[in-house]
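These notes are about the structure you will find just below.
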Amino acid sequence: MEAELKKLKEDVLGKIAEASDSKELNDVRVAYLGKKGPITDLLKGMGKLPAEERPKMGALVNEMRQEVTETLEARKEVLEAEAITKQLEAESIDVTLPGRPVNLGNAHPLTRIIEEIEDLFISMGYEIAEGPEVEKDYYNFEALNLPKGHPARDMQDSFYITEDILLRTHTSPVQARTMEQKEGEPIRIICPGKVYRRDNDDATHSHQFMQIEGLVVGEGIRMSDLKGTLTVFAKKMFGDEREIRLRPSFFPFTEPSVEMDISCFKCGGTGCNVCKGTGWIEILGAGMVHPNVLEMAGYDPKKMTGFAFGMGPERIAMLKYGVDDIRQFYTNDTRFLSQFQRTEV
Amino acid sequence: MLVSIDWLKDYVNTQNETAGELAEKVTRAGIEVDAVIDRSEDLKKLVVGYVEECGKHPEADKLSLCQVNVGDETLQIICGAPNIAQGQKVVVALPGARLPGGMKIKKAKLRGEVSNGMICSLQELGIEGKVVPKAYADGIYVLPEDAPTGTDALDYLHLNDHVLELGLTPNRADAMSMLGVAYEVAAILSEDVKLPAINYETAAEKAESLLKLRVDAPDDNPLYVAKVVKNVKVAESPVWLQQRLMAAGVRPLNNVVDVTNFVLLEYGQPLHAFDYDDLKTGEIVVRRAKDGEKITTLDDQERKLEPHHLVITNGEEPVALAGVMGGANSEVSDKTSTVVIESAYFAPASVRQSSKDHGLRSDASSRFEKGIDPNRVEPAAERAAQLLAELAGGDVLEGSLIADSLDRSERTVTVSPDFINERLGMKIPFEEMIAILKRLKFETEAANNQLIIQVPTRRQDIRIEEDVVEEIARLYGYDEIPATLPVGESVPGGLTPYQEKRRLTRRFMESAGLLQAVTYALTSDKAARQFALQPTETTKLLMPMSEERSVLRQSLIPHLLEALTHNTARQNDSVALYEVGSVFLESAGELPDEQEHLAAAVTGLWVDHSWQGEKKAVDFYVLKGIIEGLADKLGLVLGFEKGELDGLHPGRTAFVLKDGERIGIIGQVHPAEQKARDLKETYVLELNLQALLAEEAAPLLYTPVPRFPSISRDIALVLDQATEAAAIEAVIRGAGGRLLKDVRVFDVYEGKNMEPGKKSVAFSLVYFDPEKTLTDEEVTEAHDRVLSALAAAGAEQRS
Chain A
-9 MEAELKKLKE DVLGKIAEAS DSKELNDVRV AYLGKKGPIT DLLKGMGKLP AEERPKMGAL
51 VNEMRQEVTE TLEARKEVLE AEAITKQLEA ESIDVTLPGR PVNLGNAHPL TRIIEEIEDL
111 FISMGYEIAE GPEVEKDYYN FEALNLPKGH PARDMQDSFY ITEDILLRTH TSPVQARTME
171 QKEGEPIRII CPGKVYRRDN DDATHSHQFM QIEGLVVGEG IRMSDLKGTL TVFAKKMFGD
231 EREIRLRPSF FPFTEPSVEM DISCFKCGGT GCNVCKGTGW IEILGAGMVH PNVLEMAGYD
291 PKKMTGFAFG MGPERIAMLK YGVDDIRQFY TNDTRFLSQF QRTEV
Chain B
96 MLVSIDWLKD YVNTQNETAG ELAEKVTRAG IEVDAVIDRS EDLKKLVVGY VEECGKHPEA
156 DKLSLCQVNV GDETLQIICG APNIAQGQKV VVALPGARLP GGMKIKKAKL RGEVSNGMIC
216 SLQELGIEGK VVPKAYADGI YVLPEDAPTG TDALDYLHLN DHVLELGLTP NRADAMSMLG
276 VAYEVAAILS EDVKLPAINY ETAAEKAESL LKLRVDAPDD NPLYVAKVVK NVKVAESPVW
336 LQQRLMAAGV RPLNNVVDVT NFVLLEYGQP LHAFDYDDLK TGEIVVRRAK DGEKITTLDD
396 QERKLEPHHL VITNGEEPVA LAGVMGGANS EVSDKTSTVV IESAYFAPAS VRQSSKDHGL
456 RSDASSRFEK GIDPNRVEPA AERAAQLLAE LAGGDVLEGS LIADSLDRSE RTVTVSPDFI
516 NERLGMKIPF EEMIAILKRL KFETEAANNQ LIIQVPTRRQ DIRIEEDVVE EIARLYGYDE
576 IPATLPVGES VPGGLTPYQE KRRLTRRFME SAGLLQAVTY ALTSDKAARQ FALQPTETTK
636 LLMPMSEERS VLRQSLIPHL LEALTHNTAR QNDSVALYEV GSVFLESAGE LPDEQEHLAA
696 AVTGLWVDHS WQGEKKAVDF YVLKGIIEGL ADKLGLVLGF EKGELDGLHP GRTAFVLKDG
756 ERIGIIGQVH PAEQKARDLK ETYVLELNLQ ALLAEEAAPL LYTPVPRFPS ISRDIALVLD
816 QATEAAAIEA VIRGAGGRLL KDVRVFDVYE GKNMEPGKKS VAFSLVYFDP EKTLTDEEVT
876 EAHDRVLSAL AAAGAEQRS
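If you're matching them up, the sequences are chains A and B in order. What the first sequence shows, in the working numbering, is residues -9 to 335, in sequence order. What the second sequence shows, in the working numbering, is residues 96 to 894, in sequence order.
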């Protein structure tokens, strides 16, 4: 009997070792430990043994059963681990294949520039003012100290709709309108928008383009405030190392008038192709609001003064991004537009 | 304005400045120097030569074989110019010479003959063809007989000079003259200005014995000065005069005309010279033109005159268009012997009108238009008389004919130093201000802490206190202005709700996968109303530059489609663009109704992930989904109703509704239109952004997250193909009661196994009670109500 037991144990342990997957292992378990299995038979057959042998045999059979069960469990874990490894191997992918693309759009480069400027001035307490693109001659010219027949009107040949209505040639009429609305109150505004001039479209001219202007009116506003404000703007927009330089200029709606240059952001001022060797780049026009303009809008130029500045987002974008043809902004070629996807922060 | 520094030195000392330094200082003080031109750039080894012999080249008809004395030797030089002749003084480029354009002169053989250099034309010396005297336009430049042989030709031709090209703003008309520039430079360098000394002998005969003058339009012509010069010999001007004119960009003609141009450049005072004999009547009458009168101007154009044009006449017919151009009938020619010099003040508005009407801008009109110095009219006439006496051997008759009602008084501007410093945010000392005004040669009196300034009439731009602020600041130096920030009450800045939502809209469109486009507002008459939701009368330009850009658009779609075509023609088949821009509709007011719109145009693939088998072309529902997503962001519920619009596919177009109002359109471009535009299947949308964003969004309040499970039931219905899902959904929602929380289409099927003309639409219904867990009975009760309502509506359940 003992020999039989030993043989049985060898058989079953051999089968367990041979089982190559969970199913085979389970078959072994059922075959040997099941109700009809030899071990159960052995236990059943104990009754036939002499009473004094039973406890010893019982202990032996249970011991064997215990060992078989443990071996089964151990084998099961091994097989399961093998199975998972196999499954993982089978499921392995090529991680270098392209991902599922997300459709990505982005803002037009001019919008990008304009919003950057808007946000900068908003942080300094400015509001955004807007006005019509089809404008009255009065707001576009007369209210800005450009009466009919003024020689400076030559500077901006205009698209007229009627004798008194035209496509605005600059965003300055928004200043005149805002002053009229605010009725003598202090003002801090930025006015972005589209403007139009009778120019043939070429690499540097566009009959439609963008402008962004600023206006501050209040008591005791000085030219030094203009310089300080423009310095903040230049550093935020073009980098902390930028220096600015003001040059006298002329605009009918400001007096004194200035043009602002910034030190070249490419060469830092030593001279290169971007700054045409001068070390300086012309960025914007500005000045102290002309007393006639204040007066026409109902402000007392003796009490209130102000400054205004205006710039071209196209020019800034061309300088900043190295675009060499203004028509790129209006052709809407996606190979151009989609280049302005990523952040510069 | 082109300013020769060599010439400028006649009036102001610039000794200590290089051309570059001077240019920088002038620019920083307010007149932009656009360029500094070195007239001797690339010129080397040029001498005055004397052509001792000139014969034909034995082998070439068109070439001459010359023996040219160049001082220390005589060289054989071959010349191709037709005007070469024995006995001429010429400019010779010696072997080793350099000429503009990188040309190097070497000893060479031409058809077997040696040539030891080159005889030069003015163009070869870098002078622009349009200012070269006509006699030398097609050949070499011939120097006067007394030109010293063998000397440096650059010195002789005054070419060792720099020219400053000034970019003048309209206010600085004073700098349209050499004297004006001299005053500016003198102010910058703290130098004096030396005016030309005018003295000449006059003949005994009086000008008034030959000429009569009458001005009938003194408002347009408040000052007219005429001088008469007899016995002039019309000839070529001396080299120095020719060179000064050429440096200033003016073509020399003859000594009489050159003198008038020289004085124009020197004083900024336009002059005109008439041939006295051609005037015929011995009379000058300035008057308005008669209706129908004509004049042929110096450029040989016949011009029709109108009564508002000011003309100079001989008492009978016009001889000049006042302030703009002279008439051909009284032009100075080789035969002229008696000259009438006109120096006048014509009113800016009158000249501007004439110049504009005739499309004729001249050096004269551009100065009169901006307002000349009233105190230079007479000196300029005297200066011209002096030069005609000197250079043309003329006898200047005594006296001038003058018709004068011109106010020549100087303006007084009074300003306090405090005002100046307050405006600038600076503390410029009083003495410094006085010093600057002195540099400007403004007569200034300081009294009661006020500066009382007499502004010279040459500076018509200085009128008010602020103008003085600028003068002081620009000469003190803008660099000295400190940088401060505005003080005073500061209010928080920000966007208006509309501006904020417009930004949100743009961001949404971009994250939905569309690129922002910016297109032109001007379009053709034909395209102006295409795709417009509510087309109106168009807004047209008075004087368009082209038909393509003549009318303001009423829809953003046409130009977006153009952009799509541009891209698909360049191998980019999948394009998704959007734009936010204005359209221009008729309105009852003065200005058109400008509406800000949002539009999009999409073509090609929307999903393109082909290696995993995902590829999907854009369709109606892509754009609809975008609008719905946008509406969710804005907290709006929009409706869609099938509609038609010219240019769109009649079966695939919907109006977008907000509160029952049509605020937009969405649809496929009509196949015929697609074909015409060379586009594949393309979808567009356009919304009135102002209407979309009009109301403030409701405050955001949280709804509790459900604590009880929901139960869903599906229904598949067989419907007529034309039945819209929204109608069925409305029936379901109407019958579902309070427990029905959501209805969603999850399947649409037509085709196989379906009766023709029918489709199957499957809905998923979600029931939910926020108070408790739903029982099966409650759901069944509600669902049965839905089913019977559907049955009543004729929607049969699919078996």
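The C-beta atom is built at its ideal place from N, Cα and C for all residues, glycine as well. All values derive from a computational prediction rather than experimental measurement.
Whole-angstrom distance between residue j and residue i, CA atom to CA atom
i, j, result
"residue 300 (chain A)", "residue 142 (chain B)", "53 Å"
"residue 272 (chain B)", "residue 362 (chain B)", "5 Å"
"residue 111 (chain B)", "residue 335 (chain B)", "24 Å"
"residue 102 (chain B)", "residue 641 (chain B)", "45 Å"
"residue 552 (chain B)", "residue 506 (chain B)", "8 Å"
"residue 790 (chain B)", "residue 240 (chain A)", "43 Å"
"residue 504 (chain B)", "residue 219 (chain A)", "41 Å"
"residue 6 (chain A)", "residue 40 (chain A)", "32 Å"
"residue 717 (chain B)", "residue 731 (chain B)", "19 Å"
"residue 267 (chain A)", "residue 100 (chain A)", "27 Å"
"residue 337 (chain B)", "residue 225 (chain B)", "13 Å"
"residue 438 (chain B)", "residue 352 (chain B)", "14 Å"
Classification of residue i by the beta-carbon crowding that lies within 10 angstroms, buried from 16 upward
i, result
"residue 396 (chain B)", "exposed"
"residue 341 (chain B)", "buried"
"residue 477 (chain B)", "buried"
"residue 670 (chain B)", "buried"
"residue 348 (chain B)", "buried"
"residue 198 (chain B)", "exposed"
"residue 276 (chain A)", "buried"
"residue 86 (chain A)", "exposed"
"residue 151 (chain A)", "buried"
Chain-ordered neighbours of residue i on chain B, where CB pairs are closer than 7 Å
i, result
"residue 97 (chain A)", "601, 605 and 611"
"residue 328 (chain A)", "610"
Own chain, CB closer than 6 Å to residue i, minus 5 neighbours either side, in chain order
i, result
"residue 195 (chain B)", "137 and 221"
"residue 421 (chain B)", "367, 393 and 415"
Contact list for residue i against chain A, beta-carbon separation under 8 Å
i, result
"residue 640 (chain B)", "188, 190 and 197"
"residue 615 (chain B)", "197, 198 and 320"
7 Å Cβ cut-off: residues of chain A touching residue i
i, result
"residue 677 (chain B)", "123"
"residue 447 (chain B)", "139"
Under 9 Å from the C-beta of residue i: neighbouring residues of chain B
i, result
"residue 223 (chain A)", "Going along chain B, no residue has its Cβ under 9 Å from residue 223 (chain A), so there is no contact; the nearest lies around 11 Å."
"residue 208 (chain A)", "581, 582, 583 and 584"
Per-residue contacts from residue i into chain B (C-beta, under 8 Å)
i, result
"residue 280 (chain A)", "561"
"residue 118 (chain A)", "590, 591 and 594"
Own chain, CB closer than 7 Å to residue i, minus 5 neighbours either side, in chain order
i, result
"residue 399 (chain B)", "389"
"residue 255 (chain B)", "135 and 249"
"residue 725 (chain B)", "600 and 603"
"residue 480 (chain B)", "295, 322, 324, 436 and 491"
"residue 253 (chain A)", "232, 233, 259, 269 and 270"
Own chain residues within Cβ distance below 8 Å of residue i, not counting five before or after
i, result
"residue 903 (chain B)", "Residue 903 (chain B) cannot be examined here, being either before or after the span of chain B that is shown, 96 to 894."
"residue 511 (chain B)", "544, 545 and 546"
"residue 823 (chain B)", "812, 814, 856, 858, 885, 888 and 890"
"residue 672 (chain B)", "609, 610, 611, 612, 655, 658, 659, 695, 696 and 697"
"residue 744 (chain B)", "762, 763, 764, 765 and 766"
task: Mind checking the stretch 513 to 541 of chain B against chain A and listing, in chain order, the residues whose C-beta falls within less than 8 Å of any C-beta there?
output: Sequence-ordered contacts of the stretch 513 to 541 of chain B with chain A read 517, 518, 519, 520 and 521 [C-beta pairs closer than 8 Å].
message: If the cut-off is 7 Å on Cβ atoms, which residues from the stretch 116 to 127 of chain B count as contacting chain A, listed in chain order?
response: Those residues of the stretch 116 to 127 of chain B that come within reach of chain A (Cβ to Cβ, closer than 7 Å) are 122, 123, 124 and 125.
- request: Could you list the residues in the stretch 695 to 709 of chain B with a C-beta less than 9 Å from some C-beta on chain A, going in chain order?
  value: Near chain A, meaning a CB-to-CB distance below 9 Å, the residues of the stretch 695 to 709 of chain B are 701, 702, 703, 704, 706, 707 and 709.
Near-chain A residues of the stretch 567 to 596 of chain B (beta-carbon distance less than 8 Å), N- to C-terminal order: Across the stretch 567 to 596 of chain B, CB contacts with chain A closer than 8 Å involve 568, 569, 573, 574, 576, 577, 578, 579, 580, 581, 582, 583, 584, 585, 586, 587, 588, 589, 590, 591 and 594, in sequence order along the chain.
message: Short of 7 Å Cβ to Cβ, which residues in the stretch 239 to 259 of chain A face chain B?
response: For the stretch 239 to 259 of chain A, residues whose beta-carbon sits nearer than 7 Å to a beta-carbon of chain B comprise 239, 240, 245, 246 and 248.
field: Short-range partners of chain A found in the stretch 300 to 326 of chain B, where Cβ spacing is below 9 Å
entry: Residues of the stretch 300 to 326 of chain B with a C-beta atom less than 9 Å from some C-beta of chain A do not occur.
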